[in-house]
Amino acid sequence: YIDDTPYLFLGLERMGGFMVYDISDPAEPQFETYVNNRDFSVTVDPDNLEAVGDLGPEGLVFIPAADSPNGNNLLVVANEVSGSVSIWEVTVETKVEEQTSSPAIPSTLPLSEAYPNPFNPTTNIDLTLPNSARIRVELFDITGRHVRSIARGAYSAGTCTFTIDAVGLASGSYFVRADATTGGHAVRRITLTK
């Protein structure tokens, strides 16, 4: 738990890195972030493991701030392939919502599932805003690397439909992340099949 919110840290042993989920509602876990400090431009070889970065997270231990040596929430990750141990400081963004007469942007944005999904060559995803906001919609690959911007700018209240085009993308899973500058975000997984 961090500030009374239960989080799940999930190590991706084959790919490297770990995912973080808010599991306040276990039936609908919310993806928070994906972290990977592996260098994919380096070929994995027993002689160059230091250059690869952390690879093969085998064990993860969360240390709450109350038990931590530096007073911060920590995640310790033991990596089997690289033989390394990494320590990550875990922080949670605090959002302050301005009191206005219009409804606030919720902490979890109302981002629809993509349709169709799986897709080829395009898919659509809807975002419904209760009031005007500056929105950023980004596409990330399964390793957490930014692939492209889908939309950035000011949008009026209502439903916005964004089209994701597969031109130049390889088959596989991707993540669409929407953020409102006034607070709130959402992530949806999409699958491209060619």
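Residue numbers (the numbering used here): 82 to 275.
C-beta atoms are modelled at their ideal positions from N, C-alpha and C, and glycine is treated no differently.
The structure presented is a predicted model; accordingly, all values stated were derived computationally and were not measured.
### Task
Could you tell me if Arg258 is buried or exposed, where buried requires 16 or more neighbouring beta carbons within 10 angstroms of its beta carbon?
Against the sequence shown, residue 258 aligns to sequence position 177. Its Cβ being crowded by 16 or more others within 10 Å, Arg258 is buried.
### Query
Is it true that the CB of Gly249 sits closer than 8 Å to the CB of Val116?
Position 35 of the sequence shown holds residue 116. Position 168 of the sequence shown holds residue 249. Result no, Cβ atoms of Val116 and Gly249 do not sit closer than 8 Å.
### Task
Please report how far the alpha carbon of Thr172 lies from the alpha carbon of Glu194, in whole angstroms.
Position 91 of the sequence shown holds residue 172. Position 113 of the sequence shown holds residue 194. Straight-line measurement puts the Cα of Glu194 at about 28 Å from the Cα of Thr172.
### Message
If I measure Cβ to Cβ from Leu190 and keep anything under 7 Å in the same chain, skipping five residues before and after, which residues do I get?
### Response
Sequence index remark: in the sequence shown, residue 190 carries index 109 (1-based). Closer than 7 Å at Cβ, skipping near neighbours: Leu208, Ala259, Ala261, Gly265, His266, Ala267.
### Task
Taking the CB atoms as reference points, tell me whether Asp135 and Ser163 lie closer together than 8 Å.
As a first step, residue 135 is located in the sequence shown; it is residue number 54 there, counting from the start. As a first step, residue 163 is located in the sequence shown; it is residue number 82 there, counting from the start. For the 8 Å CB-CB criterion, Asp135 and Ser163 form a contact.
### Where the beta strand (DSSP E) containing Glu219 begins and where it ends
Counted from its first residue, the sequence shown places residue 219 at position 138. Residues 214-222.
### Query
Under a three-way DSSP split, which group does Ala108 fall into?
Along the sequence shown, one-based indexing puts residue 108 at 27. The answer is coil: DSSP assigns Ala108 none of H, G, I, E or B.
### Message
Please state whether the Cβ-Cβ distance between Val101 and Thr114 is less than 8 Å.
### Response
As a first step, residue 101 is located in the sequence shown; it is residue number 20 there, counting from the start. As a first step, residue 114 is located in the sequence shown; it is residue number 33 there, counting from the start. Taking 8 Å as the Cβ cut-off, Val101 and Thr114 qualify as a contacting pair.
### Message
Tell me the rounded alpha-carbon separation between Asp84 and Val228.
### Response
Numbered from its first residue, the sequence shown carries residue 84 at position 3. Numbered from its first residue, the sequence shown carries residue 228 at position 147. When rounded, the distance between both Cα atoms is 32 Å.
### Message
Using the Cβ count rule (16 or more neighbours within 10 Å means buried), how would you classify Ala147?
### Response
As a position in the sequence shown, residue 147 is number 66, starting the count at 1. Label assigned to Ala147: exposed.
### Beta-carbon contacts of Phe221 that lie in its chain and below 7 Å, excluding the five residues immediately before and after
Counted from its first residue, the sequence shown places residue 221 at position 140. So the list reads His227, Val228, Tyr255, Phe256, Arg258, once near-sequence residues are dropped.
### Query
Which residues mark the beginning and the end of the beta strand (DSSP E) in which Glu170 is found?
Position 89 of the sequence shown holds residue 170. Taken as a continuous stretch (DSSP letters only), the beta strand (DSSP E) holding Glu170 covers 166-170.
#### Entry: Cβ shell of Tyr235 (< 7 Å), same chain only, five flanking positions each side left out
Your numbering for residue 235 matches position 154 in the sequence shown. Correcting the residue type first, residue 235 is Ala in the shown sequence and not Tyr. Ser213, Arg215.
### Task
Assuming Val30 and Val133 form a contact by the criterion Cβ under 8 Å, report the distance between their Cβ atoms to the nearest whole angstrom.
Look at the range of the chain in this structure, 82 to 275, and you will see that residue 30 is not part of it.
### Best match in Asn198, Asp128, Glu94 for proximity to Thr272 [C-alpha to C-alpha]
Working through the sequence shown from its first residue, we reach residue 272 at position 191. Of the listed residues, the one whose Cα sits closest to Thr272 is Asn198.
### Message
Between which residues of its own chain and Thr181 is the CB-CB distance below 7 Å, once the five residues before and five after are set aside?
### Response
As a position in the sequence shown, residue 181 is number 100, starting the count at 1. Since pLDDT at Thr181 reaches only 40, below the 50 mark, its modelled position is unreliable, and the value read off the structure follows with that caveat. None.
### Query
Per DSSP, Thr244 forms a beta bridge with which residues?
Your numbering for residue 244 matches position 163 in the sequence shown. Paired residue(s): Asn205.
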